[in-house]
Every structure is written in C-alpha cells, then in structure tokens.
Amino acid sequence: MYPFEYQRPANAQAAVAAFSGDARYLAGGQSLVQAMKLRLSQSERLVDLGGAADLAGIQVDGGQVVIGAMTRHAQVAASAEVQKALPALAELAGGIGDPMVRNMGTLGGSIANADPAACYPAAVLGLGATVQTNQRTIAGDDFFTGLYETALQPGELITAVRFPIPAKAAYIKFKQPASRFALVGVFVSQGAGGVRVAVTGCKSQAFRATEIEKALTASFTPEAAKAVVMPSAGINSDLHGSAEYRAAMISVMASRAVAAALAR
Ligand SMILES: Cc1cc2nc3c(=O)[nH]c(=O)nc-3n(C[C@H](O)[C@H](O)[C@H](O)COP(=O)(O)OP(=O)(O)OC[C@H]3O[C@@H](n4cnc5c(N)ncnc54)[C@H](O)[C@@H]3O)c2cc1C
362 MYPFEYQRPA NAQAAVAAFS GDARYLAGGQ SLVQAMKLRL SQSERLVDLG
412 GAADLAGIQV DGGQVVIGAM TRHAQVAASA EVQKALPALA ELAGGIGDPM
462 VRNMGTLGGS IANADPAACY PAAVLGLGAT VQTNQRTIAG DDFFTGLYET
512 ALQPGELITA VRFPIPAKAA YIKFKQPASR FALVGVFVSQ GAGGVRVAVT
562 GCKSQAFRAT EIEKALTASF TPEAAKAVVM PSAGINSDLH GSAEYRAAMI
612 SVMASRAVAA ALAR
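First residue of the sequence shown: 362, per our numbering; consecutive thereafter.
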C-alpha cells in the first residue's frame with residue numbers, strides 16, 4: 362500500500378470540503394482497500410465517509426424508496442420498509458457477496474465502483490432510479506458510462522439513490538459461486554414507466570435488454586422472455602462462460618425474474 366493521509370469528516374458537506382487533488386472517498390473499503398493493497402490504486406488522501414451519518418438511511422416516500430449512499434447492503438436487506446415496498450431490492454441486497462461484504466459494502470460504493478458484474482447497477486437501470494449527488498441529479502440510464510466508469514466528476518459525492526416503486530419486480534442472478542458476483546444477473550420491473558429489463562455481468566457495464574423489454578411489454582410472461590434470442594455480439598466471453606452461453610442465460614434469467622415478480 363502506498364502512504365496516504367486519512368480524514369473522517371462528520372457529515373457530507375465536510376466530506377466534500379475535505380476532498381482535494383487525487384483524493385478518494387472511502388465507503389466500506391470492499392473494493393477500494395483491496396485495490397490499494399495491490400498497489401493498483403494510489404491516492405494522497407482518503408476521505409472516509411463512515412462518520413457522515415447524514416449519508417446513511419432509508420426512506421419510503423411518495424412512491425419511491427430513497428436510500429442514502431452509505432447505507433450498507435445488510436441494512437437494505439433487513440429493512441422492513443424495503444421488504445414491503447420493494448422486496449426485489451431487499452432480496453438483491455441480501456444476495457450480495459457474504460456477510461462481511463454485506464455488513465461493510467454500501468450502495469454508493471457499489472454504484473460508484475461500477476463493477477461490470479455488480480448487482481445494484483442492474484437495479485438502478487431496471488427500476489429507472491436516479492442518483493443524487495452533492496451537485497446534481499443523474500438519471501440512472503446516464504450514470505454508468507463504461508468499465509468501472511460513471512458520470513461522476515472528480516470529487517462529486519453520491520448522497521442517495523431514489524428507486525421508484527414498481528407494480529412488480531424481481532432480480533435473479535446466476536452467481537459466480539466463489540464471489541457471488543453475477544455471471545448473468547437480470548432485473549425486471551413493470552410499473553408506471555412500462556417494462557424495464559436490466560442485465561449485469563455480461564458487458565463492460567450494466568445495460569438494458571430492449572429486445573426482452575419489447576417482448577414483455579406485449580406479454581408480461583416468463584414464456585415471452587424466454588422466447589427472446591439475445592444476440593451474443595458484444596457479450597463477455599471468459600473461462601466461466603462463452604458469449605453465446607451468457608446471451609442464452611439472459612433470456613433464462615429474465616424468464617425466472619418475470620415468474621418471481623408475478624408470484625409476489
Ligand atoms: C468478496 C466480495 C464479493 C462481492 N460480491 C458482490 C456481489 O455478489 N454483488 C455485488 O453487487 N457486489 C459484490 N461485491 C462488491 C460489494 O458489494 C461492494 O459494494 C463494492 O465492493 C463497493 O464497496 P464499498 O461500498 O465498500 O466501497 P469502497 O470500496 O469504499 O469504494 C468503492 C469506490 O466507490 C467510491 N465511492 C464510495 N462511496 C462513494 C460516494 N458516496 N460517492 C462517490 N464515490 C464513492 C470510492 O472512492 C471507490 O472508488 C463483492 C465484494 C467482495 C469483496
């Protein structure tokens with residue numbers, strides 16, 4: 362690890378003020394600390410958000426679930442409010458990694474990190490969420506811009522994410538058994554804004570499967586999702602699964618997600 366200064370401000374405003382130069386925000390450290398240990402990441406200063414109580418918390422308000430950036434995955438999974446209003450999101454959070462990852466990892470850290478196999482990006486796209494920062498509101502559809510890349514500017518702090526509550530939703534992932542990241546994860550929702558289908562684990566960033574959205578808009582059934590043949594062009598291929606395999610699994614996971622959403 363390279364040497365760095367460390368600061369732990371007491372709120373979001375102080376965290377933004379403490380950020381300078383090539384500083385990094387530290388959430389739960391589940392991705393950042395590992396990268397630092399491997400000397401893949403070097404910053405002069407870490408601004409630890411762990412003391413900023415105003416960045417954590419869950420509110421269900423006006424048809425939305427609003428979750429603070431520093432809310433841990435375990436808190437989302439255990440929240441009675443989220444379980445009632447948006448059970449698909451509570452289940453998604455409860456399926457992330459292992460207990461340590463869920464107790465330390467945060468919503469803000471997950472989406473800022475933009476791992477191509479992370480689960481929350483599928484929920485952000487699959488629900489049409491909006492990302493609130495200290496500077497602006499970013500539409501979920503515009504937030505993820507590439508491999509580990511987002512629309513955030515240097516020093517811009519995610520404060521919360523607003524998830525609209527749909528009529529029906531579910532997230533199903535085919536897990537990498539060691540890490541439990543998604544080999545193929547699909548979030549499906551049906552609500553006032555129509556049908557949304559978002560996929561993670563298959564490209565450099567999460568994306569919407571418009572082919573399946575079209576099929577499910579015509580008929581919101583598992584059969585309709587499963588009948589879609591997803592193109593394998595541009596889909597990841599590695600030792601865990603070929604592009605053709607993953608493309609086929611997108612329709613299968615979408616079909617299971619629709620079945621789960623209808624069964625609620
Ligand atoms: C073994 C293991 C298994 C995992 N399995 C899964 C899984 O199954 N599904 C899944 O989705 N994820 C998984 N993860 C990732 C995990 O969910 C964490 O959310 C993710 O690693 C980010 O960690 P963190 O919240 O501690 O953020 P950190 O590691 O502290 O930060 C990550 C990045 O986000 C930036 N950042 C953090 N907070 C903010 C903010 N509020 N505003 C702006 N930038 C910010 C940091 O500067 C850093 O660049 C796994 C991780 C591990 C180690």
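All C-beta atoms, glycine included, are put in the ideal place defined by N, C-alpha and C.
Proximity winner among the options, relative to residue i (alpha-carbon distances)
i	options	result
Gly429	Ala378, Leu410, Ala441	Leu410
Thr494	Val522, Cys480, Ala483	Val522
Ala530	Ser550, Ile611, Thr578	Ser550
Ile526	Gln420, Ser392, Ile457	Gln420
Arg625	Ala579, Tyr532, Leu600, Val589	Tyr532
Gln395	Val462, Val426, Ala441	Val462
Val589	Ala579, Asn597, Gly595, Ser598	Ala579
Asp415	Gln496, Ala375, Gly424	Ala375
Ala449	Phe524, Gly412, Arg497, Leu518	Phe524
Ala567	Ala484, Tyr386, Ala413, Gly424	Ala484
Cβ neighbours of residue i in the same chain (closer than 6 Å, five flanking residues each side left out)
i	result
Thr506	Ala512
Gly554	Gly489
Tyr363	Gln403
Gly516	Phe380
Ala454	His434, Val437, Ala438
Gln444	Ala451
Pro583	Ser616, Val619, Ala620
Phe542	Ala478
Met397	Met362
Ala528	Gln551, Gly552
Gln537	Leu544
Ser540	none
CA-to-CA distance, residue j to residue i, given in whole angstroms
i	j	result
Ala618	Asp422	25 Å
Ala622	Phe504	25 Å
Gln391	Leu577	36 Å
Glu405	Gly382	8 Å
Val613	Asn464	30 Å
Asp599	Lys564	11 Å
Ile596	Glu572	15 Å
Gly469	Thr520	7 Å
Leu486	Tyr509	16 Å
Glu442	Pro370	29 Å
Val377	Ala475	21 Å
Gln514	Phe548	27 Å
Same chain, Cβ closer than 8 Å to residue i, five either side skipped, listed in chain order
i	result
Gly418	Ile428, Gly429, Thr432
Arg400	Met362, Tyr363
Thr491	Thr498, Ile499, Ala500, Gly501, Val522, Arg523
Met591	Ala570, Glu572, Ile573, Ala608, Ala609, Ile611, Ser612
Lys587	Ser612, Val613, Ala615, Ser616
Own chain, CB closer than 7 Å to residue i, minus 5 neighbours either side, in chain order
i	result
Ser593	Ala604, Glu605, Ala608
Thr467	Ala388, Gly389, Ala430, Met431, Thr432, Arg433
Ala446	Val421, Val426, Ile526
Ser627	Given that the chain is displayed from residue 362 to residue 625, the structure contains no residue 627 and the question cannot be resolved.
Gln496	Glu517
Gly424	Pro525, Ile526
Residue i CB to nearest heavy atom of ligand 3 below 7 Å
i	result
Gln391	Ligands displayed in this structure: ligand 1; ligand 3 is not among them.
Expected contact under 8 Å - CB spacing of residue i and residue j to nearest Å
i	j	result
Pro482	Ile472	6 Å
Gly552	Gly562	Contact flag wrong, Cβ pair sits at about 24 Å.
Val556	Phe581	7 Å
Glu574	Val558	5 Å
Ile611	Ala570	6 Å
Gly602	Leu544	6 Å
Ile457	Cys480	6 Å
Leu407	Phe365	6 Å
Tyr367	Leu518	About 17 Å; that fails the 8 Å criterion.
Ala413	Ala384	In fact, because the Cβ distance is near 15 Å, the residues do not count as touching under 8 Å.
DSSP bridge partner residues for residue i (one or two, in chain order)
i	result
Thr520	For Thr520, which the question treats as bridged, DSSP gives no partner whatsoever.
Gln368	Val408
Glu510	Gly507
Phe312	A question about residue 312 goes unanswered here, because the residues of the chain that appear run from 362 up to 625.
Pro525	Gln425
Thr494	Ile519
Tyr386	Val408
Gly469	Its beta-bridge partners do not exist; DSSP assigns none.
Gly602	Asp599
Ile419	Ile428
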